[in-house]
């Protein structure tokens with residue numbers, strides 16, 4: 011009988027540790043944050059497509075918690091500056107990280 015109680019307690023402890031190990035951390039995005047980031051990314055890409063100076067197909071856009079990262083290639087420094095200016099003008103953008111390279 012004592013062995014059954016000890017095994018039950020051990021099983022409960024292992025189960026509890028396993029469940030606690032699966033809990034989320036504050037560094038993960040919530041669903042609302044993910045949707046907002048996706049919306050910002052879409053708006054930035056659409057705005058870049060509308061710009062005749064920027065070849066939007068060569069610029070990658072990623073957003074995390076409102077911080078937009080631009081990467082890829084542009085034809086000139088003025089195109090690079092234009093892409094950053096357009097991105098800053100999008101609602102919800104907190105900051106822009108420019109990792110674009112001029113060809």
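In the numbering used here, the protein residues as written are 11 to 113. Idealized CB from N, CA, C, for every residue including glycine.
Helix, strand or coil at residue i according to DSSP, with G and I counted as helix
{"i": "residue 12", "result": "helix"}
{"i": "residue 54", "result": "helix"}
{"i": "residue 63", "result": "coil"}
{"i": "residue 68", "result": "helix"}
{"i": "residue 81", "result": "strand"}
{"i": "residue 94", "result": "helix"}
{"i": "residue 86", "result": "coil"}
Whole-angstrom distance between residue j and residue i, CA atom to CA atom
{"i": "residue 59", "j": "residue 75", "result": "23 Å"}
{"i": "residue 80", "j": "residue 45", "result": "19 Å"}
{"i": "residue 105", "j": "residue 97", "result": "9 Å"}
{"i": "residue 101", "j": "residue 48", "result": "13 Å"}
{"i": "residue 86", "j": "residue 112", "result": "6 Å"}
{"i": "residue 57", "j": "residue 89", "result": "13 Å"}
{"i": "residue 50", "j": "residue 94", "result": "14 Å"}
{"i": "residue 73", "j": "residue 13", "result": "55 Å"}
{"i": "residue 110", "j": "residue 99", "result": "18 Å"}
{"i": "residue 82", "j": "residue 61", "result": "16 Å"}
Distance CB(residue i)-CB(residue j) smaller than 7 Å
{"i": "residue 71", "j": "residue 53", "result": "no"}
{"i": "residue 64", "j": "residue 92", "result": "yes"}
Whole-angstrom C-beta distance between residue j and residue i, which should lie under 8 Å
{"i": "residue 77", "j": "residue 107", "result": "6 Å"}
Residue i burial status per 10 Å Cβ neighbour count (16 or more: buried)
{"i": "residue 67", "result": "exposed"}
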